[in-house]
Amino acid sequence: MTTAMAERQEVYQAIEHLSDKAIAQIKGYIDRIREEELENIKAEIAALEAKYGTTPNAETVAAMMEAEAGIGESVTLEQIQAECNAFR
1143 MTTAMAERQE
1153 VYQAIEHLSD
1163 KAIAQIKGYI
1173 DRIREEELEN
1183 IKAEIAALEA
1193 KYGTTPNAET
1203 VAAMMEAEAG
1213 IGESVTLEQI
1223 QAECNAFR
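FYI, the numbering for the sequence shown is 1143 to 1230, going by my numbering.
Below, the structure written as structure tokens:
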């Protein structure tokens, strides 16, 4: 059994011993955390949109059109990473 499977099994066993009320309280807590995280993500997106806008610039639009038309050079993720690492 993998570590992850063993950990899951432990969690399931712990949950079995909880009352329905405790499980409902935990669910409420998890729901609130999810809502807070979603609001944080929305705020981050809004801040980025305010700073950078939502419309691609002309260079990006041109590249997208070339890609759709099959024009241009294909690159791999490794090539992109190597180019980014060259600037470090």
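Where is the CB? At the ideal position from N, CA and C, for every residue including glycine.
In this text the structure is predicted, and so the values were computed from the model without any measurement.
Review point. Going by beta carbon distance, what residues of the same chain come within less than 7 angstroms of Thr1218, once the five residues before and after it are set aside?
Key: none
**Study point:** Contacts around Pro1198, its chain only, beta-carbon distance under 8 angstroms, and the 5 residues preceding and following it disregarded
**Key:** Met1206
Exercise for review: Have a look at Asn1182 and Ala1224 and give me their C-alpha separation to the nearest angstrom.
Suggested key: 33 angstroms
Check your understanding: How is the alpha helix (DSSP H) around Asn1182 delimited, first residue to last?
Key -> Asp1162 to Tyr1194
**Study point:** Met1147 - containing alpha helix (DSSP H), residue span
**Key:** Following the DSSP letters along the chain, one finds Met1147 inside the alpha helix (DSSP H) bounded by residues Thr1145 to Glu1158.
Point to revise | Gln1151 at chain C interface by Cβ criterion, 8 angstroms | key: Here chain C cannot be found, since the structure has a single protein chain.
Practice item. Specify the secondary structure class of Glu1220 as computed by DSSP and reduced to three states. Key: When DSSP states are grouped into helix, strand and coil, Glu1220 belongs to the helix group.
**Study point:** Cα-Cα separation, Thr1202 to Glu1178
**Key:** 33 angstroms
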